[in-house]
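In what follows, a structure is listed as C-alpha cells, so that the remarks can point back to it.
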Amino acid sequence: MIDRSLLKPLLLVTVVLVLPLAILAFHGEAYADALQKWRDDPPPRPMLALAVVAILASDVLLPIPSGPVSTLAGSQLGFALGTAASALGMTLGAAIAFALARRWGRPLAERFASPAALADADRACQEHGPWVLAFTRPLPIIAEAAALVLGALQMSWRTFLPPVVVSNIAIAAGYSVLGVQAASGGWLPIALAASIAVPLAIAALVRRRWK
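Just so we're aligned, residue 1 is where the sequence shown starts under the UniProt record's numbering, counting upward by one.
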C-alpha cells in the first residue's frame, strides 16, 4: 500500500501527464501507422536499437507508451538486444524526469503544498519511496508521475536508481519475450495492441482505487 502522503501528489501529477496521452489518442492512427512501417521495413539493427533508446528516453516529454516500443524492439532485435535497448531507454527516461524534478520541483512543491504536507510527504518518501518506484514502473503515466514526485521530494540518486533499474530490466525482458514469441507465431499486431491496452487498463484501475 502506498502511503497516503504520496497519493495526492502522485494523482495530481498523473492528471497533468494524462494530457500528452490524450494527444496520442487523438493521433492514434498516425502512431499505429508508424509502428506498422517500423515493423514492415525496420532500419538496420544498430540504428533500430539507438532509436528504441532515444524514443523511450524521451518518455516524459513525448506521449509514446513504452509497451509497444519494447515489444516491437524484441520482435526486431531479439531478446538480448531488445531487452538491453528498452531497459536503457526506460531508465534514461526515468532519470531525466527525476533529475528535472530534483532541480526545479521542490520550489514548485513548496508553493502549492503546506509545510506540514511536505513534511509528511518527505517522511513517506524515505520510508516507501523505493517500493513506490518498483510498483509503478510498469504503469503508464503513473511511473512518470512517481519519478517526478520523488525527485521533487529530493530522494537521493542511490535510492532512486536500484529499484528503477531492476524493474526496468524485468519489464523490458517481459516485453521482449512477448515480441519474440509474437513475431515467431504471427500474432505481433495482437501483441502490440495488448502491450498498449493492458498496462493502460491496469493504470486506470490503480488510479481509481487510490481515489
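Using N, Cα and C, we set each Cβ at its ideal position, and we do this for glycine too.
Tell me whether residue i is buried or exposed, calling it buried when 16 or more other Cβ atoms sit within 10 Å of its Cβ.
i    : result
G179 : buried
L205 : exposed
G82  : buried
A80  : exposed
G186 : exposed
S156 : exposed
E127 : exposed
A84  : buried
P46  : exposed
L56  : buried
R208 : exposed
R111 : exposed
A146 : buried
A121 : buried
A201 : exposed
P162 : exposed
A124 : buried
M1   : Note that M1 scores 48 on pLDDT, short of 50, meaning its location in the model is unreliable and no value can be drawn from it.
How close, in whole Å, do the beta carbons of residue i and residue j come, if the pair is a contact with beta carbons under 8 Å?
i    : j    : result
S184 : P68  : At roughly 18 Å, the Cβ-Cβ gap does not stay under 8 Å, so S184 and P68 are not in contact.
L88  : V60  : About 16 Å separates the two Cβ atoms, so there is no contact after all.
L148 : A95  : No, L148 and A95 are not in contact; Cβ-Cβ is about 12 Å, not under 8 Å.
V132 : L108 : That pair is no contact at about 19 Å.
T91  : V198 : In fact, because the Cβ distance is near 22 Å, the residues do not count as touching under 8 Å.
P140 : A203 : 5 Å
S70  : S176 : 7 Å
A116 : L77  : Between L77 and A116 the Cβ distance is about 49 Å, and since that is not below 8 Å, they are no contact.
L51  : P43  : Note on identity: in this sequence residue 51 is Ala, with Leu being the wrong assignment. About 7 Å separates the two Cβ atoms, so the contact holds.
Measuring alpha carbon to alpha carbon, tell me which residue in the options is nearest residue i.
i    : options               : result
L153 : D41, W104, S75        : W104
P189 : R123, L72, C125, S58  : L72
G74  : L192, F160, A117      : L192
S58  : G93, L50, C125        : G93
A172 : P65, L118, A121       : P65
I142 : P115, A97, D120       : A97
L62  : I169, E144, F160      : E144
A134 : F160, G174, D122, P44 : F160
G129 : R158, R106, L200      : R158
G174 : R106, A124, S86       : S86
R137 : K37, L118, I169, R106 : I169
Fully enclosed by the UniProt domain "VTT" (64-180), which alpha helix (DSSP H) runs are 4 residues long or longer? 66-77, 79-112, 115-136, 142-152
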